[in-house]
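Each protein sequence line maps, in turn, to chains W and P.
With the numbering used here as the guide, the letters of the first sequence map in order to residues -18 to 97.
With the numbering used here as the guide, the letters of the second sequence map in order to residues 43 to 154.
For glycine and all other residues, C-beta sits at the position ideal for the given N, C-alpha and C.
Bear in mind the structure is a predicted one, so any value in this text is a computation, not a measurement.
For reference, the structure is listed below as structure tokens.
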Amino acid sequence: DTGVSQNPRHKITKRGQNVTFRCDPISEHNRLYWYRQTLGQGPEFLTYFQNEAQLEKSRLLSDRFSAERPKGSFSTLEIQRTEQGDSAMYLCASSPRLGQGRNEQFFGPGTRLTVL
Amino acid sequence: SQELEQSPQSLIVQEGKNLTINCTSSKTLYGLYWYKQKYGEGLIFLMMLQKGGEEKSHEKITAKLDEKKQQSSLHITASQPSHAGIYLCGADITSGTYKYIFGTGTRLKVLA
């Protein structure tokens, strides 16, 4: 399967703990995105990378959140000192193209985080 | 305020019926993307529209982007239970950036 993969698929943690999610994009896709989705809402943009450079971060991404893409391939999203409000589905997407309006993104299955 | 409005929020139709989902923006859309999502899963790409007046079809699903590029509709003909899910429109609304904004989704249920 050459699609976007995410691990783990589900994560249950206690408040205050740190969690890390991984995303493996489609090979050779140079753009990688993280979104967060809560129940009944559409995905909300968190951050994106072009190769290893993090080009944009949403205001939703507090200081407790950090994302990396060290070699321009897979990416990790870490949440420190988790709070119950962090409970959501975290989606990763990758995109092969550049250019205005031409930005088809391919999504992974998501990591569902539950903070108790 | 929601930059991308979808309507209706939910829809229940009898199998075989046609239906339409709308996606409206107050800003020009540089690219409009339709996705389908099953509960608890990722998004499956359906179609992308870029030019004003553009229309695309795939099997029984047709999507259109209006001339002003501020509204799109997704039409399903002769719906089937397999069409059930959440339909999301996503869009580039700012030239030069590559992040999406999404609508809140339309939950479709098709009764057999």
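Original post:
Can Ser47/W and Gln61/W be called in contact, C-beta distance under 9 Å?
Top reply: If you number the first sequence from 1, residue 47/W lands on position 66. If you number the first sequence from 1, residue 61/W lands on position 80. Yes.
Original post:
Any idea if Gln(-2)/W is buried or exposed, counting beta-carbon neighbours within 10 angstroms, 16 or more meaning buried?
Top reply: Along the first sequence, one-based indexing puts residue -2/W at 17. Counting other Cβ atoms within 10 Å of its Cβ, Gln(-2)/W stays below 16 and is therefore classed as exposed.
Original post:
Alpha carbon to alpha carbon, what distance is there between Ser68/P and Ser43/P?
Top reply: If you number the second sequence from 1, residue 43/P lands on position 1. If you number the second sequence from 1, residue 68/P lands on position 26. Only weak support exists for where Ser43/P lies, its pLDDT of 49 falling under 50; the value from the coordinates is given anyway. Straight-line Cα distance between these residues: approximately 11 Å.
**OP:** Would you decide whether Ser121/P is buried or exposed? Buried here means 16 or more other CB atoms lie within 10 Å of its CB.
**Re:** Residue numbering aside, residue 121/P sits at position 79 when the second sequence is read from its first letter. Under a 10 Å Cβ-count criterion, Ser121/P is classified as buried, with 16 or more other Cβ atoms of the shown protein chains found around its own Cβ.
**OP:** Could you check if Arg45/W is buried or exposed, using at least 16 other CB atoms within 10 Å of its CB as the buried criterion?
**Re:** By 1-based counting over the first sequence, the position of residue 45/W is 64. A residue is called buried when at least 16 other Cβ atoms come within 10 angstroms of its Cβ; Arg45/W does not meet this threshold and is exposed.
Original post:
For Glu97/P, which residues from the same chain have a beta carbon less than 6 Å from its beta carbon, with the 5 sequence-adjacent residues on both sides left out?
Top reply: Locating residue 97/P in the second sequence gives position 55, counting from the first residue. Take Glu97/P, set aside five residues on each side of it, and the residues of its chain with a beta-carbon closer than 6 Å to its own are Lys106, in chain order.
Original post:
By how many angstroms is the C-alpha of Gln56/P removed from the C-alpha of Ile143/P?
Top reply: Residue mapping note: residue 143/P aligns to position 101 of the second sequence, counting from 1. Residue mapping note: residue 56/P aligns to position 14 of the second sequence, counting from 1. Taking the CA atoms as reference points, Ile143/P sits about 31 Å from Gln56/P.
Original post:
Quick one, which residues of the region 57 to 75 of chain P are near chain W if we go by CB-CB under 8 Å, in chain order?
Top reply: Near chain W, meaning a CB-to-CB distance below 8 Å, the residues of the region 57 to 75 of chain P are Tyr72, Gly73, Tyr75.
**OP:** For Tyr71/W, write down the residues that DSSP places opposite it in a beta bridge.
**Re:** Residue numbering aside, residue 71/W sits at position 90 when the first sequence is read from its first letter. Residue pairing by DSSP places Tyr71/W opposite Arg17/W, Thr92/W in a beta bridge.
Subject >> At least 3 beta-carbon pairs within less than 8 Å: the region 8 to 15 of chain W vs the region 108 to 121 of chain P >> reply: Short answer: they don't touch.
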